[in-house]
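Count along the sequence shown from 1, add 1128, and you get the number used in the working numbering.
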Amino acid sequence: MNTKYTKEDIIHSLPDYVSDNIEDSELIKEIENVINTDNEVKNEFIEISNTMNFLNSADLEHPGENYFNNLSVKINERIHENLNPGSILDRLSLLWKILIPAFSVLLISFLFLSNRNSDNTEFTKTDETKKQISIADNKDDEKKGLSSD
């Protein structure tokens, strides 16, 4: 089967085939042939047919003219909002909301860690001093014990 239409072309043409908008008789024959031979295309055809039938049977209400008038105003407002990102104060408020709390957390962490390290060295020095004092006391006791004998 050597045709000028690919499977992808056939699948893309299915909605037009379902709604009878194809005038090319060769394409119509090719679509019918592929639908009968290829299960994937047949399933796609069935899904599109069901969808198109549902859309045709659905009772759609057309929106009033005010809808489109208001819609264009809202679209224009959004476009202008995106073009004008905001004042400098708005940008600074973002800075204040993120950077200042982060900086304060870092500062508190730094102070806590530096204070913790300095306290540990003092305790270590105190412990070493106590050991040295107790060693010196032991030596004094030994000397006193030897001199009293």
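From the three backbone atoms N, C-alpha and C, an ideal C-beta is built for every residue, glycine too.
Here the structure is a predicted model, which is why all the values come from computation and not from measurement.
(request) State yes or no: is the C-beta of residue 1158 within less than 8 angstroms of the C-beta of residue 1138? (result) yes
(request) Write down the C-beta distance between residue 1146 and residue 1177 rounded to the nearest angstrom, noting that I regard them as a contact closer than 8 angstroms. (result) 5 angstroms
(request) Count the other C-beta atoms from every protein chain shown that fall within 10 angstroms of the C-beta of residue 1233, then say buried if there are 16 or more, exposed otherwise. (result) exposed
(request) Note down the Cα distance separating residue 1140 from residue 1181, rounded to an integer number of angstroms. (result) 18 angstroms
(request) Using 10 angstroms around the beta-carbon of residue 1223, count the other beta-carbons present and answer buried if the total reaches 16, otherwise exposed. (result) exposed
(message) Helix, strand or coil, according to DSSP, for residue 1161 in the structure here?
(response) helix
(request) Kindly list the residues whose CB is nearer than 7 angstroms to the CB of residue 1204, restricted to its own chain and excluding five residues on each side of it in sequence; keep chain order. (result) none
(message) Suppose you measure from the CA of residue 1170 to the CA of residue 1164; what does that come to, to the nearest Å?
(response) 7 angstroms
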